[in-house]
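Protein chains in written order, with the working numbering: chain A, 64 to 304; chain B, 64 to 304.
Please read the structure below before turning to the comments.
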DNA sequence: CGGTTCCTTGACACAGGTCAATGATTGTGG
DNA sequence: CCACAATCATTGACCTGTGTCAAGGAACCG
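Structure, rendered in structure tokens:
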């Protein structure tokens, strides 16, 4: 991880999306006050390991970071992918210990705000504290969502859901509205969805055969979001005729 | 749900286990101050439905309550079972809206503390607030744990893990050290573990065949915890010879 | 440009799902 | 308190989806 000095929110495309950016943009606290620092993490490097002391919380500026959780030390268990504009290791709030291992899936830039500073802002602006709690709750909700999906749905549905979800979160920074880049490997996707990389591959191929998406290596283009949504909801029937 | 008037922590066996009970027992706030109210929920009744306004938080006093989450409205998706001494709908802390539907799996008694009162106690005793945040974080961790288990492990391992986990949480109120009662149906267990009830049944039978547990209807007795733990960790080999 | 990693595809096996029939347990009304 | 009904649990036979293993091809990186 390399420190790239202070960030400059005015020049950042994520200004209106990322959490501290929003606070600064709305004039509730100056960007300077927040002491935002920018850093670079190269592909495969850990920002935190489980149990590490956490001094700052982070937003992803570019790239993609995976959060690995679950105490079963063995194979990794990806709990979340963080894409630009999203928060990292949010659960460390009080314990100040990371409950996850966070690893850059591709070389990524992040911004950090020291907890110490952030707590001051929270004290001064209670609604910022409230917004933060909401973000923590939302993180929990998305884990439960993933859990439900994995227990209830088949491979194709999971992959469809994954693509739709990611598309929603990447939209603002996609080249075209329907195209985006998968930062992570098939293995990472498979792990996240509780499948094997071969199965993920096959699902991509199947969705491509149905002309709902186009996949070429890491580039994904969603051709027919509506039909893809139906696949996600498990409507298998009556389409093949 | 029937209101049974004020609880009496002095007479409650869970005094030293449940969260507000502990606060009261340690004299950090009197039981009277907390305005604990006791209530009864009959089997199959919902205490909250998703999105309901939440006025109090609750502990389970006896029985078993399931928390159902995940927005996929269809089949229910059990995120947690709450057994005596445990907290319910903890995620509602700030939003004051339940993020889960909570249903009594068997007729249960619960105690409730109004959020309004609890927030006052938190303000007066910051370490209580801190403990509460820890409890919320722990709830998140256990969801991630479940997620990892379901993605990585086979049916027998999941069932073994489920029994071990439950045993740990029920120990203090078990008749004998190794025996306890499953409040929930096979269907509920299956849903929780991402299996079918038939599979859960078969796993129980298999574990019984190996003489690791004895199961008769809702009564479970763990005969060989150590070996059961090995099954949970996926050590299949070399045992059958 | 060559090596390495990652992705795709096929053939096959097996865990767990599905369907169905029987047996145990629980709750209810006479 | 017993008998009956309804629910819930168990077991078997069979089938499907996904994992596993293996081989070839594409993309990426230094």
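For every residue, glycine included, the Cβ atom is placed at its ideal position computed from N, Cα and C.
Asked, Found
"Residue-level contact to chain B via CB, residue 295/A, 7 Å cutoff", "no"
"Three-state secondary structure (DSSP) of residue 84/B", "helix"
"Residues of the region 198-230 of chain B with Cβ closer than 9 Å to any Cβ of chain A, in chain order", "199, 200, 202, 203, 204, 206, 207, 208, 209, 210, 211, 212, 213, 214, 215, 216"
"Member of 275/A, 290/A, 161/A whose CA lies at the smallest distance from the CA of residue 109/A", "161/A"
"Residue-chain proximity (residue 107/A, chain B), Cβ-Cβ < 7 Å", "no"
"Beta carbon proximity, residue 154/A to chain B, threshold 7 Å", "yes"
"Any chain A beta carbon closer than 7 Å to residue 257/B", "yes"
"Cβ pair residue 117/B, residue 167/B closer than 7 Å", "no"
"Endpoints, beta strand (DSSP E) assigned at residue 210/B", "Where residue 210/B is concerned, there is no enclosing beta strand (DSSP E), although the alpha helix (DSSP H) it sits in stretches over 189-215."
"Residue environment, residue 214/A, which counts as buried when at least 16 other CB atoms sit within 10 Å", "buried"
"Ranges of the beta strand (DSSP E) found wholly within the region 109-174 of chain B, counting only runs of at least 3", "109-111, 119-131, 141-145"
"Backbone CA spacing between residue 185/B and residue 103/B [nearest angstrom]", "27 Å"
"Per DSSP, the bridge partner or partners of residue 177/A", "119/A"
"Beta-carbon proximity of residue 175/B to residue 119/B, cut-off 7 Å", "yes"
"Chain B contacts made by the region 174-185 of chain A, where a contact means CB separation under 9 Å", "none"
"Within chain A, the residues that residue 162/B reaches when beta carbons sit closer than 9 Å", "200, 203, 204, 207"
"Validate contact between the region 145-152 of chain B and the region 74-91 of chain B using beta carbons, cut 8 Å, 3 pairs", "yes"
"Rounded C-alpha distance that separates residue 250/B from residue 260/B", "5 Å"
"Limits of the unbroken beta strand (DSSP E) element including residue 298/B", "First-last for residue 298/B: undefined, no H or E at that position."
"One or two residues paired with residue 284/B in a DSSP bridge", "242/B, 277/B"
"Proximity winner among 78/B, 86/B, 74/B, 295/B, relative to residue 190/B (alpha-carbon distances)", "86/B"
"Under the three-state DSSP convention, the category residue 227/A falls into", "helix"
"Environment of residue 163/B [buried if 16+ CB atoms lie within 10 Å]", "buried"
"Touching by the beta-carbon criterion (3+ pairs, under 8 Å), the region 218-225 of chain A and the region 279-287 of chain A", "no"
"For residue 261/A, the first and last residue of its enclosing alpha helix (DSSP H)", "260-272"
"Which listed residue (234/B, 211/B, 129/B) has its alpha carbon closest to that of residue 77/B", "234/B"
"Residue 121/A, buried or exposed, once every other Cβ within 10 Å from all chains shown has been counted against 16", "buried"
"Where residue 77/A falls: helix, strand or coil (DSSP)", "coil"
"Nearest candidate by alpha-carbon position, reference residue 247/A, set 286/A, 106/A, 258/A", "106/A"
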